[in-house]
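Enquirer: My questions will all concern the structure given below.
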Amino acid sequence: MSDTATGVRVKLPTHLRRLARVDGEVTLEVTGTVTQRAVLDALEAAHPVLRGTIRDHATLRRRAFVRFFACEQDLSHDEPDAPLPAPVAAGTEPFLVVGAMAGG
Amino acid sequence: MTGVRVLVGTRKGAFVLTADGKREHWEVRGPHFAGWEVYHVAGSAADPDRVYASQSGGWFGQIVQRSDDGGLSWAPVGNEFTYAGVPGTHQWYDGTPHPWEFARVWHLEPSATDPDTVLAGVEDAALFRSSDGGQSWEELRGLREHGSGAHWQPGAGGMCLHTIVVDPRDPARMHVAISAAGVFRSDDGGKSWRPANRGLRSEGIPDGDAEVGHCVHNLALHPSRPDTLYMQKHWDVMRSDDGGEHWYDIGGDLPSDFGFPVDVHAHDPDTVYVVPITSDSEHFPPEGRLRVYRSRTGGHEWEPLTAGLPQEHCYVNVLRDAMAVDSLDDCGVYFGTTGGQVYASSDAGDTWAPIVRDLPAVLSVQVQTLP
């Protein structure tokens with residue numbers, strides 16, 4: 251697919267919103283199939299300060315204590331190139347980047 | 289008017305404490321980077337307005353922050369620390385090979401002459417340098433690859449390069465300390481390195497006087513006598529008078545020679561400070577009495593400094609990077625505790641008072657003496 255999704259919504263945890271200096275959700279233009287990788291590529295392109303905070307710089311693997319949720323599903327362990335749920339691509343549901351529950 | 293700026297890293301953010309030269313009234317700003325661990329905040333001697341901070345956390349990794357206005361405002365810079373080449377393995381806690389993995393920056397050491405040049409000591413142990421104000425980082429790979437790296441093993445806090453001491457006469461000459469590998473020395477700006485642990489003896493390793501494997505906690509030197517190095521080791525307070533070629537014990541009459549920080553008076557290279565801790569299994573002051581110990585003789589003979597410090601029911605620790613001195617005429621001494629207090633002395637340690645009492649656990653304290 252070569253179409254572009256123009257209203258993909260990403261909801262970041264507080265620490266990353268502060269780092270990126272954004273309020274509320276981030277809305278992204280995503281080229282091609284809307285996948286984890288495509289969304290995170292677009293997010294990091296729009297906010298380079300987030301590079302390395304969600305995915306490892308070199309391997310692009312998800313950091314261990316970061317989770318990806320959408321449409322009441324845990325997508326953390328899905329393949330990065332798997333299509334995200336249609337409501338995420340359509341912008342009716344946000345893609346959630348979440349800090350895993352842990353003490354401290 | 290002269291003044292001081294105390295840069296404090298804590299488990300939950302950074303704080304900047306400022307006072308004029310009298311050091312009586314303090315302004316406290318922070319938390320910066322609230323909720324993140326700030327292992328170190330370090331100011332540039334070349335430009336006091338330039339300050340670097342290491343911000344990290346288990347969830348979102350490493351951020352390096354830079355301020356160009358003395359810590360009033362901050363902006364993230366580069367956070368990509370990639371080991372050079374194929375990094376291979378070091379020893380894991382159980383003795384098995386473990387791949388080198390970047391975890392965090394423990395210590396930042398800005399150049400004395402160029403505000404855009406800064407060294408970073410990281411976990412897993414390696415040394416990185418930035419020459420563009422922190423935007424990009426390059427490993428000085430000669431340290432990790434000098435030959436003994438595959439045998440380094442982490443201490444309880446991780447395998448961290450936590451101390452960087454640069455010779456003020458010649459910035460190409462430096463010492464670093466790694467837990468639990470020991471001291472390494474370079475004379476060529478970090479290209480090549482060799483162990484500098486002769487004279488150390490450690491009970492926690494199979495060969496007590498091995499060339500590497502010692503859990504060195506901190507190093508300090510005085511700029512007027514840079515061949516003399518002081519060391520707080522896991523156990524033992526040590527000294528070298530030949531740039532780390534040989535070390536000897538100066539623990540003398542300390543109540544315990546276990547501890548973390550060591551520092552030197554700004555104007556007297558023979559006046560040294562340590563904070564004895566009960567033991568490796570009891571990380572709090574002996575008898576629950578918080579005492580800084582000062583030697584005016586370069587070691588061996590130590591006096592407790594207690595005025596203004598809690599002398600009962602005190603069970604905090606003072607971590608390796610959490611003590612510093614200013615260079616005002618009456619040398620100020622500062623330290624932070626795991627209980628969140630930052631204590632200051634404006635009379636070289638004779639008397640103490642808290643600047644703040646209830647910060648998160650203090651990881652680091654650095655002081656800038658302002659013109």
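Chains as they are written, first to last, in this note's numbering: chain A, 251 to 354; chain B, 289 to 659. All C-beta atoms in this analysis are idealised placements derived from N, C-alpha and C, irrespective of residue type, glycine included.
Thinking C-beta only, is residue 329(A) closer than 9 Å to residue 286(A)?
Expert: The sequence position of residue 286(A) within the first sequence is 36, counting from 1. The sequence position of residue 329(A) within the first sequence is 79, counting from 1. Going by C-beta atoms, residue 286(A) is nearer than 9 Å to residue 329(A).
Enquirer: Is it right to say residue 423(B) is buried, meaning 16 or more other beta carbons lie within 10 angstroms of its own, or is it exposed?
Expert: Numbered from 1 along the second sequence, position 135 holds the residue referred to as residue 423(B). It counts as exposed.
Enquirer: When burial is assigned at 16 or more other CB atoms within 10 Å of the CB, is residue 426(B) buried or exposed?
Expert: Start at 1 with the first residue of the second sequence, and residue 426(B) comes out as number 138. Result: exposed.
Enquirer: Listed from N- to C-terminal order along the chain, which residues in the stretch 366 to 381 of chain B have their beta-carbon within a distance smaller than 7 Å of any beta-carbon of chain A?
Expert: From the stretch 366 to 381 of chain B, only 367, 368 and 370 have a Cβ closer than 7 Å to chain A.
Enquirer: Would you mind sorting residue 251(A) into buried or exposed? The rule is 16 or more other CB atoms within 10 Å of its CB.
Expert: On the first sequence, residue 251(A) is found 1 positions in, with the first residue counted as 1. For residue 251(A), the predicted structure reports a pLDDT of 46, less than 50, and the residue's modelled location is therefore unreliable. The matter cannot be settled from this model.
Enquirer: Is the number of C-beta pairs between the stretch 581 to 592 of chain B and the stretch 531 to 541 of chain B that are closer than 8 Å three or more?
Expert: With a cut-off of 8 Å, the stretch 531 to 541 of chain B and the stretch 581 to 592 of chain B count as touching, because enough Cβ pairs lie within range.
Enquirer: Looking at the secondary structure, which residues open and close the alpha helix (DSSP H) in which residue 265(A) lies?
Expert: Working through the first sequence from its first residue, we reach residue 265(A) at position 15. Residues 264 to 270.
Enquirer: Per DSSP, which one or two residues make a beta bridge with residue 377(B)?
Expert: On the second sequence, residue 377(B) is found 89 positions in, with the first residue counted as 1. 387(B), per the DSSP bridge assignment.
Enquirer: Residue 385(B): buried (16+ other C-beta within 10 angstroms of its C-beta) or exposed?
Expert: Residue mapping note: residue 385(B) aligns to position 97 of the second sequence, counting from 1. It counts as exposed.
Enquirer: Run through chain A and tell me which residues come within less than 7 Å of residue 364(B), C-beta to C-beta.
Expert: As a first step, residue 364(B) is located in the second sequence; it is residue number 76 there, counting from the start. Residues of chain A passing the Cβ test: 269 and 299.
Enquirer: What's the gap between the Cα of residue 371(B) and the Cα of residue 312(B)?
Expert: On the second sequence, position 83 is the one that residue 371(B) refers to. On the second sequence, position 24 is the one that residue 312(B) refers to. Those two C-alpha atoms are separated by around 45 Å.
Enquirer: How about residue 319(A): is its C-beta nearer than 9 Å to some C-beta of chain B?
Expert: Taking the first residue of the first sequence as position 1, residue 319(A) is located at position 69. Output row for residue 319(A): interface = no.
Enquirer: Under 9 Å between the Cβ atoms of residue 439(B) and residue 482(B)?
Expert: Locating residue 439(B) in the second sequence gives position 151, counting from the first residue. Locating residue 482(B) in the second sequence gives position 194, counting from the first residue. Going by C-beta atoms, residue 439(B) is not nearer than 9 Å to residue 482(B).
Enquirer: For residue 506(B), list the residues DSSP reports as bridge partners.
Expert: Translated into positions along the second sequence, residue 506(B) becomes position 218. Bridge partners of residue 506(B): 520(B).
Enquirer: What residues in the stretch 346 to 362 of chain B have a beta carbon less than 8 Å from any beta carbon of chain A?
Expert: Within the stretch 346 to 362 of chain B, the qualifying residues are 346, 347, 348, 349, 350 and 351.
Enquirer: Keeping to the same chain, check which residues put their C-beta closer than 8 Å to that of residue 334(A); ignore five residues upstream and five downstream.
Expert: Taking the first sequence and counting its residues from 1, the one referred to as residue 334(A) is at position 84. Answer for residue 334(A): 284, 285, 286, 289, 320, 325 and 345, listed in chain order.
Enquirer: State yes or no: is the beta carbon of residue 620(B) nearer than 9 Å to at least one beta carbon in chain A?
Expert: Counting from one through the second sequence, the residue named residue 620(B) turns up at place 332. Judged by the 9 Å Cβ criterion, residue 620(B) is not in contact with chain A.
Enquirer: Below 8 Å on C-beta distance, what does residue 324(B) contact in chain A?
Expert: By one-based count along the second sequence, residue 324(B) stands at place 36. Within chain A, the residues near residue 324(B) are 265.
Enquirer: In or out: residue 611(B) buried (at least 16 other Cβ within 10 Å) or exposed?
Expert: Stepping through the second sequence from its first residue, residue 611(B) is reached at position 323. Label assigned to residue 611(B): buried.
Enquirer: Helix, strand or coil for residue 515(B)? Go by DSSP, reduced to three states.
Expert: Position 227 of the second sequence holds residue 515(B). Reduced to three states, the DSSP call for residue 515(B) is coil.
Enquirer: Hey, how far is the Cα of residue 258(A) from the Cα of residue 332(A)?
Expert: Taking the first sequence and counting its residues from 1, one reaches residue 258(A) at position 8. Taking the first sequence and counting its residues from 1, one reaches residue 332(A) at position 82. Going from the Cα of residue 258(A) to the Cα of residue 332(A) covers about 16 Å.
Enquirer: Would you mind giving the Cβ-Cβ distance between residue 630(B) and residue 650(B), rounded to the nearest angstrom? I have them listed as a contact below 8 Å.
Expert: Here the question's residue 630(B) lines up with position 342 in the second sequence. Here the question's residue 650(B) lines up with position 362 in the second sequence. Indeed they touch by this definition, with Cβ atoms about 6 Å apart.
Enquirer: Give me the Cα-Cα distance between residue 310(B) and residue 416(B), rounded to the nearest whole angstrom.
Expert: Indexing the second sequence from 1 puts residue 310(B) at position 22. Indexing the second sequence from 1 puts residue 416(B) at position 128. Taking the straight line joining both Cα atoms gives about 37 Å.
Enquirer: By Cβ distance, which residues of its chain are closer than 8 Å to residue 403(B), with the 5 residues on each side in sequence left out?
Expert: Position 115 of the second sequence, counting from 1, holds the residue named residue 403(B). These residues qualify, in order along the chain: 332, 334, 335, 338 and 421.
Enquirer: List in chain order: all unbroken beta strand (DSSP E) runs of 3+ residues lying wholly within the stretch 416 to 501 of chain B.
Expert: If we require 3 residues or more, the beta strand (DSSP E) runs fully inside the stretch 416 to 501 of chain B come out as 448 to 454, 462 to 467 and 470 to 474.
Enquirer: State yes or no: is the C-beta of residue 606(B) within less than 9 Å of the C-beta of residue 546(B)?
Expert: Against the second sequence, residue 606(B) aligns to sequence position 318. Against the second sequence, residue 546(B) aligns to sequence position 258. No, Cβ-Cβ distance for residue 606(B) and residue 546(B) is not below 9 Å.
Enquirer: Name the DSSP beta bridge partners of residue 552(B), please?
Expert: The residue labelled residue 552(B) in the question sits at position 264 within the second sequence. The partner list for residue 552(B) (beta bridge, DSSP) reads 560(B).
Enquirer: For the stretch 304 to 317 of chain A, enumerate the residues whose C-beta is nearer than 9 Å to any C-beta of chain B, in chain order.
Expert: The residues in question are 304, 306, 307, 308, 313, 314, 315 and 316.
Enquirer: Taking 9 Å as the threshold (beta carbon to beta carbon), is residue 352(A) in contact with chain B?
Expert: As a first step, residue 352(A) must be located in the first sequence, where it is residue number 102. Output row for residue 352(A): interface = yes.
Enquirer: Measuring straight from C-alpha to C-alpha, what distance separates residue 306(A) and residue 574(B)?
Expert: Here residue 306(A) refers to the residue found at position 56 of the first sequence. Here residue 574(B) refers to the residue found at position 286 of the second sequence. Going by the C-alpha atoms only, they are around 43 Å apart.
Enquirer: Inspect the beta-carbon positions of residue 489(B) and residue 530(B) and report whether they are closer than 9 Å.
Expert: For the purposes of this step, residue 489(B) is taken as residue 201 along the second sequence, with counting starting at 1. For the purposes of this step, residue 530(B) is taken as residue 242 along the second sequence, with counting starting at 1. No. Outside cutoff.
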